[in-house]
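Sequential numbering of the sequence shown, starting at 3, is according to the working numbering. All C-beta atoms, glycine included, are put in the ideal place defined by N, C-alpha and C.
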Amino acid sequence: MLDSHLPTLEELEVKLGGINGKRIIVRADLNVPLSDGKIDDDLRIRESGATLNWLCDRGASVVVCSHLGRPASDNDQEFSMKPVRERLLENFPNVEVLENLRFNNGEQKNGEDFVNYLISGAGGDPFDAYVNDAFGASHREHASIMGPPMHLPSAAGFLLLKEVRMVEKILNNPKRPFVIVLGGSKVSDKLSLIEKMSDVADEMLIGGGMCFTFLSAQGVSVGDSLLESEMLDVCVDLLNSDISIRLPLDFTAMGSDGQIGNPDIETQVRQYGSSIPESWMGLDIGPGSAVDFSDVIMEAGTVLWNGPMGVFEDPRFAAGTKTIAQAMSETSAFTFVGGGDSASAVNKFGLSDSINHVSTGGGATLELIEKGDLPGLKVLRESRIES
Numbered sequence: 003m004l005d006s007h008l009p010t011l012e013e014l015e016v017k018l019g020g021i022n023g024k025r026i027i028v029r030a031d032l033n034v035p036l037s038d039g040k041i042d043d044d045l046r047i048r049e050s051g052a053t054l055n056w057l058c059d060r061g062a063s064v065v066v067c068s069h070l071g072r073p074a075s076d077n078d079q080e081f082s083m084k085p086v087r088e089r090l091l092e093n094f095p096n097v098e099v100l101e102n103l104r105f106n107n108g109e110q111k112n113g114e115d116f117v118n119y120l121i122s123g124a125g126g127d128p129f130d131a132y133v134n135d136a137f138g139a140s141h142r143e144h145a146s147i148m149g150p151p152m153h154l155p156s157a158a159g160f161l162l163l164k165e166v167r168m169v170e171k172i173l174n175n176p177k178r179p180f181v182i183v184l185g186g187s188k189v190s191d192k193l194s195l196i197e198k199m200s201d202v203a204d205e206m207l208i209g210g211g212m213c214f215t216f217l218s219a220q221g222v223s224v225g226d227s228l229l230e231s232e233m234l235d236v237c238v239d240l241l242n243s244d245i246s247i248r249l250p251l252d253f254t255a256m257g258s259d260g261q262i263g264n265p266d267i268e269t270q271v272r273q274y275g276s277s278i279p280e281s282w283m284g285l286d287i288g289p290g291s292a293v294d295f296s297d298v299i300m301e302a303g304t305v306l307w308n309g310p311m312g313v314f315e316d317p318r319f320a321a322g323t324k325t326i327a328q329a330m331s332e333t334s335a336f337t338f339v340g341g342g343d344s345a346s347a348v349n350k351f352g353l354s355d356s357i358n359h360v361s362t363g364g365g366a367t368l369e370l371i372e373k374g375d376l377p378g379l380k381v382l383r384e385s386r387i388e389s
């Protein structure tokens with residue numbers, strides 16, 4: 003059973019005797035995708051707004067910190083927080099934004115010196131409290147996640163609480179039928195999720211690159227499509243288990259010498275019954291499969307979706323993912339998009355507002371579902387108990 007009992011902002015306000023004038027460090031997850039220094043998708047910035055609004059409205063002096071990408075050095079300007087800071091300051095002009103936490107190698111090492119730097123004021127006046135609103139980073143045992151709650155009065159931000167409670171909703175009391183849609187490249191990346199949800203889900207729909215390992219396990223030729231040969235026996239066992247697994251009936255394939263992102267390369271649709279020929283690779287579920295999956299989604303009570311149906315970044319292989327996203331936006335079911343590429347897809351297609359919950363977490367969402375807890379949540383609860 004997922005434990006969502008975390009210290010709240012309201013409890014923090016009582017503990018501090020009020021928020022006005024207090025200097026508070028907020029660990030947000032502002033790890034947004036950038037292209038040429040411009041923000042491609044600002045979902046995580048927008049989702050941080052509720053917590054920042056609450057604190058600023060009460061007169062707090064707010065300092066926001068986050069990581070951004072994987073910088074190669076301590077001054078990798080490709081991953082500077084400058085564009086994020088500029089966007090954030092449009093709505094919160096009085097908020098201070100620290101530079102990329104990962105510019106200091108103590109962040110990922112959970113180094114004591116860097117923890118001390120953060121809790122002592124990050125170069126400014128000492129902090130009075132800490133707020134974790136970085137759900138998407140709370141599966142990482144990094145300094146900004148693990149250190150401050152052990153030294154400062156701490157609370158979960160509104161986004162963090164919402165994310166945890168949404169996972170709690172689908173795990174503890176899902177409306178039936180409960181359908182899980184899985185995509186992405188590898189079975190190995192989703193195996194723990196499949197095993198965890200096997201007793202909870204009524205049906206699993208499997209697309210994306212991972213479907214070809216399942217199809218190969220059934221004896222279907224998948225040409226040069228992505229295949230995890232070491233997972234074939236696992237897929238055979240899953241297909242022979244009590245889990246109801248639905249696989250694609252057709253797919254969109256490209257010649258193996260083609261280039262993803264080059265629209266001049268010929269594509270064709272191959273039916274499941276005739277398999278994918280040699281020298282061709284499947285890069286999306288076909289239109290028949292997209293309709294088949296959508297029909298299941300439309301009849302569901304709860305739908306969890308994690309992983310795209312194809313290489314949706316290339317418009318030739320985006321139709322399957324787009325059709326699933328549209329079904330998610332139209333069904334009467336409670337719909338949960340599990341972050342990562344799936345969240346990017348529904349945002350790209352302009353459908354996120356029609357879905358009940360689009361998670362800001364990727365790996366954090368999966369780990370919380372699989373394990374029922376995250377390091378960043380556990381340390382917040384311990385902070386609550388010790389205080």
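The continuous alpha helix (DSSP H) containing Val236 extends over residues Leu234 to Leu241.
Around the beta carbon of Lys40, a 10 Å sphere encloses fewer than 16 other beta carbons of the protein chains shown; the residue is thus reported as exposed.
Only residues of its own chain outside the window of five on either side were considered, and among them Lys324 and Ala327 have a CB closer than 7 Å to the CB of Phe351, listed in chain order. Taking Leu54 as the centre and dropping the five residues before and after it, the same chain places the C-beta of Phe94 closer than 6 Å to its C-beta, in chain order.
Secondary structure within the region 55-93: the beta strand (DSSP E) runs of 3 or more consecutive residues, fully enclosed, are 63-67 (chain order). Under the DSSP assignment, Asp286 falls in the beta strand (DSSP E) whose first and last residues are Trp282 to Ile287. Assigned with DSSP and collapsed to three states, Asn102 falls in coil, not helix or strand.
For Thr323, the enclosing alpha helix (DSSP H) begins and ends at Ala321 to Glu332.
In this structure, Pro179 sits near Glu301, with a CB-CB distance shorter than 8 Å.
Distance from the CA of Glu109 to the CA of Ser243, rounded to the nearest whole angstrom, comes to 43 Å. Straight across, the Cα-Cα distance linking Asn349 with Ala30 is about 20 Å. Under the rule that a run must span 3 or more residues, the beta strand (DSSP E) segments found entirely inside the region 189-240 read 205-208.
For Val381, the closest of Ile371, Asn102, Gly149 and Gly303 by C-alpha to C-alpha distance is Gly149.
Annotated as proximal: Arg25 and Ser63, with beta-carbon spacing under 8 Å. Comparing alpha carbon positions, the residue from Val181, Gly363, Pro73 and Gly260 closest to Met330 is Val181.
Take the alpha-carbon of Thr254 and the one of Ser361: they are about 28 Å apart.
Beta-bridge partners of Lys40 (DSSP): Ser37. The beta carbons of His69 and Ile121 sit no closer together than 8 Å.
DSSP places Met256 in the strand class (E or B) of the three-state scheme.
Between the beta-carbon of Gly322 and that of Ile287 there is about 4 Å, and that keeps the pair under the 8 Å contact cut. Taken through DSSP and simplified to helix, strand or coil, Leu368 comes out as helix.
About 6 Å separates the beta carbons of Leu57 and Ile21, which is inside the 8 Å limit, making them a contact pair. At a Cβ-Cβ threshold of 8 Å, Ser291 and Asp343 do not count as neighbours.
Taking a contact to require three or more Cβ pairs closer than 8 Å, the region 154-166 and the region 186-194 do not qualify as touching. Spatial neighbours of Ser356 in its own chain (CB-CB distance under 6 Å, excluding positions within 5 residues in sequence) are listed in chain order as Ser331.
Considering only Val224, Ser258 and Met212, the residue with the shortest C-alpha distance to Val236 is Met212. Under a 10 Å Cβ-count criterion, Leu379 is classified as buried, with 16 or more other Cβ atoms of the shown protein chains found around its own Cβ.
Residue pairing by DSSP puts Phe336 in a beta bridge opposite Thr304. DSSP lists Ser63 as the beta-bridge partner residues of Arg25. By the 16-neighbour rule on beta-carbons within 10 angstroms, Asn96 is exposed. Take Lys192, set aside five residues on each side of it, and the residues of its chain with a beta-carbon closer than 6 Å to its own are Leu184, in chain order. For Leu184, the secondary structure class from DSSP, reduced to helix, strand or coil, is strand.
Secondary structure of Arg46 (DSSP, three-state): helix.
The beta-carbon separation of Lys177 and Phe336, rounded to 6 Å, stays under the 8 Å limit for a contact. In the structure shown, Ser146 adopts helical secondary structure according to DSSP, grouped into three states. DSSP places Ala131 within a strand segment (E or B) once states are collapsed to three.
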